[in-house]
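A quick write-up on the structure given underneath.
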C-alpha cells in the first residue's frame, strides 16, 4: 500500500463517522442552519427588506420570504453586477457559476467564500465514504479522471465566472491534483470532441482507479477508448475501482456502460448543482443519495402537485413523507433564499434522509393532461431495453399531435446501434410499462384521447450531432428527456437523415 492510501485511511474513516453523525441529527440541524443563515445575512439588503431579524421559526420564514426562481432574483443580481456589496450575502460573491437558463438565457449563480468549500468537500465526502465502507483506500494511489468543464474563468462584472466543474478545479488540494486527469492543458480545450480525443490519448497509457462524470459523456469517453485500444475498459484499466456519476438518472445508461466496462465496478451517485451540492451516495450498497443537511443549506419541499399553485405548501424536512414527489427549495450560504431549484425528488428513506432525483419541474410531458415525469419514462425504457436486450444510447419523448385520420400520441426517439428484432413488440411492451408508471397516461389511451406511443429509431450519435448543432455538446449539458413541443425531436429527425 502506497503512502497516499496509508494517509487517507484515518481521514476517510473520520469523514465517514462525521457524515453518519450529522445524518442522524438532520432535522434538528436544519433548524440550526435556518437560524444561522438568517443571522449571518440579516444586515444584507435582502435581509433587511425581508425582516430577517424578526424570523424565529419556519412559519415566520415562509411568511417573510416568498418562493423565487432565478428570474425573480434579477433585481438583486443587477445590484451585484453594479458592484454593490452585502446584497444577498455579506460581501460580494467569490464566483458566478454560469449555467444554462430557460427564459432568462445564461444564469449567473452566486458562489460565496462560505459556500465554495461545501461544493468540494461534499464531492470529496462521497469518495471518502466509499473508501471507508469498502476498504478500497488504494484508489488514492492511482490516477483519477473527472470529465468536467474547462477551468478557464472569465470576468463578469468584476467577478470570476465559469462552469461550476471548472471553478471547483481551482480548489482541489495539491495532493489530489497530482493524481488527477485530465491535465490542465487538456482540460482547457473548449471543443468537446477535440477535448475528449485528447483525454483518451492522455489516459490510455495509464492505470486509472476512478472515473467520474455525467453518464452520457462517460459513455462517449468509453466508446472512444474502446475504439482506440480494442479493449474493454476493465482490460484497459485493471485497477479501476469506482465510477462516480451524477447529473442525470443513471438507469437508462447503466446496461451499456456495464457492457463497456467488461466487469462489475462499484458505482456511487452524486447530486451537484450550480446552486449547491444537494446530495451524495454515502453508502454504495443502499438505494438513494444522502441529503446534504450539514452544508450551509436550508431545505424546503413542495408537493409536486402544488408546485404551480399560488400558495403551495412549503414543508420542512421534519414534514416530508417517503416515496412522494416533491419540488426542492433551497436557501444557501451563497445568498439564494427560498429558491425553487427546478428539480423534483422523492425520499426513499427517512432514517437517514436519502433521496432520488426524479426529474425537472418544467420537464413534465403534459400535452394531453398526462403529467408524465422523467422518472416514469426512464423506468419504462430501462425495463423495455432489458426485456428486449437493447443497448440504448439516448432517448427523448415529445408529443405528435395527429391529424384528422390519426389520434395524437407520444413519440419516442431512441438512439441505438442495433434495433430490436421485433420493433412492434418493443413498442407495445414500452407502452405497457408506461401504463404501469402513469395512470393518467393509461386513462388517455384507453379513453382514445391519444393512441399508444410510437417509437422512431435513430442511429447512434444522432443525439450527439444534434447537441453539437445546438452548441451544447459535453460539459454539464444534457439532452432533454421530455418536451411539450417538437423542437428538439425535429432537430433529431433532421440529423438522423
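Residue numbers (this note's numbering): 267 to 763.
The beta carbon of each residue, even a glycine, is placed where N, CA and C say it ideally should be.
Rounded distance between the beta-carbons of residue j and residue i, thought under 8 Å
i, j, result
"residue 310", "residue 356", "6 Å"
"residue 632", "residue 453", "Going by Cβ atoms, the distance from residue 632 to residue 453 rounds to 40 Å, so no, they are not a contact pair."
"residue 693", "residue 726", "Not confirmed; about 19 Å, so no contact."
"residue 640", "residue 624", "6 Å"
"residue 359", "residue 425", "6 Å"
"residue 664", "residue 653", "Residue 664 to residue 653, Cβ: 23 Å. No contact."
"residue 509", "residue 411", "Contact doesn't hold; Cβ gap of about 11 Å is too wide."
"residue 564", "residue 303", "6 Å"
"residue 619", "residue 536", "That belief does not hold up - the Cβ atoms of residue 619 and residue 536 are roughly 16 Å apart, past 8 Å."
"residue 377", "residue 604", "Their Cβ separation, rounded to whole angstroms, is 18 Å, which puts residue 377 and residue 604 out of contact at 8 Å."
"residue 527", "residue 545", "Not really, about 24 Å apart at Cβ, beyond 8 Å."
"residue 644", "residue 529", "In fact, because the Cβ distance is near 25 Å, the residues do not count as touching under 8 Å."
"residue 609", "residue 590", "Their Cβ separation, rounded to whole angstroms, is 15 Å, which puts residue 609 and residue 590 out of contact at 8 Å."
"residue 476", "residue 496", "With 8 Å as the limit, residue 476 and residue 496 do not qualify as a contact, their Cβ atoms being about 23 Å apart."
"residue 484", "residue 511", "7 Å"
"residue 634", "residue 389", "Going by Cβ atoms, the distance from residue 634 to residue 389 rounds to 40 Å, so no, they are not a contact pair."
"residue 296", "residue 582", "7 Å"
"residue 651", "residue 521", "6 Å"
Proximal residues to residue i (C-beta, below 7 Å), its chain only, five neighbours per side dropped
i, result
"residue 568", "578, 579, 580, 592, 593 and 595"
"residue 375", "362, 363, 365, 540 and 541"
"residue 319", "308"
"residue 667", "674"
"residue 647", "518, 658, 661 and 696"
"residue 481", "511, 514, 516, 519 and 523"
Run of the alpha helix (DSSP H) containing residue i, from where it starts to where it stops
i, result
"residue 450", "450-453"
"residue 519", "517-527"
"residue 588", "Unbroken run through residue 588: none, as it is neither H nor E."
"residue 537", "That residue, residue 537, is in no alpha helix (DSSP H); its beta strand (DSSP E) goes 532-538."
"residue 755", "753-762"
"residue 643", "640-653"
"residue 627", "Careful: residue 627 lies outside any alpha helix (DSSP H) and carries neither H nor E."
"residue 462", "458-469"
"residue 500", "499-502"
Residue burial classification, residue i (beta-carbon count within 10 angstroms, cutoff 16)
i, result
"residue 367", "Here the model assigns residue 367 a pLDDT of 49, short of 50, so the residue's position is not dependable and the matter cannot be decided."
"residue 493", "exposed"
"residue 699", "buried"
"residue 566", "buried"
"residue 369", "Caution applies to residue 369, whose pLDDT of 40 falls short of 50 and renders its modelled position unreliable; the value that the coordinates give is listed next. With fewer than 16 Cβ atoms within 10 Å of its Cβ, residue 369 is classed as exposed."
"residue 325", "exposed"
"residue 598", "buried"
"residue 549", "buried"
"residue 562", "buried"
"residue 382", "buried"
"residue 315", "exposed"
"residue 533", "buried"
"residue 444", "exposed"
"residue 574", "exposed"
"residue 714", "exposed"
"residue 450", "exposed"
"residue 437", "exposed"
"residue 429", "buried"
"residue 547", "buried"
"residue 278", "buried"
Residues near residue i by beta carbon distance below 6 Å, same chain, minus five either side
i, result
"residue 406", "270, 271 and 274"
"residue 350", "none"
"residue 642", "703 and 704"
"residue 287", "none"
"residue 423", "347"
"residue 345", "353"
"residue 435", "417"
First through last residue of the beta strand (DSSP E) which encompasses residue i
i, result
"residue 665", "658-666"
"residue 477", "474-479"
"residue 566", "563-569"
"residue 545", "543-546"
"residue 600", "Neither: residue 600 is in no beta strand (DSSP E) and is coded neither H nor E."
"residue 509", "508-512"
"residue 682", "675-682"
"residue 556", "555-557"
Residues near residue i in its chain [Cβ-Cβ closer than 8 Å; skip 5 each side]
i, result
"residue 711", "697, 701, 717 and 718"
"residue 572", "578 and 579"
"residue 470", "491, 494, 495 and 502"
"residue 735", "757 and 761"
Any chain C beta carbon closer than 7 Å to residue i
i, result
"residue 307", "Although the question refers to chain C, the structure presented lacks it and comprises just one protein chain."
Any non-hydrogen atom of the ligand ATP within 6 Å of residue i CB
i, result
"residue 330", "Of ligands this structure carries none, so the ligand ATP is not represented either."
Runs of beta strand (DSSP E) wholly within the stretch 695-735 (minimum 3 residues, chain order): Within the stretch 695-735, the complete beta strand (DSSP E) runs of at least 3 residues are 720-725.
Complete beta strand (DSSP E) runs within the stretch 306-383 (minimum length 3 residues, chain order): 361-365 and 373-377
Residue ranges of each alpha helix (DSSP H) within the stretch 414-440, 4 or longer: 430-434
Uninterrupted beta strand (DSSP E) stretches inside the stretch 387-418 (no shorter than 3 residues): 409-412
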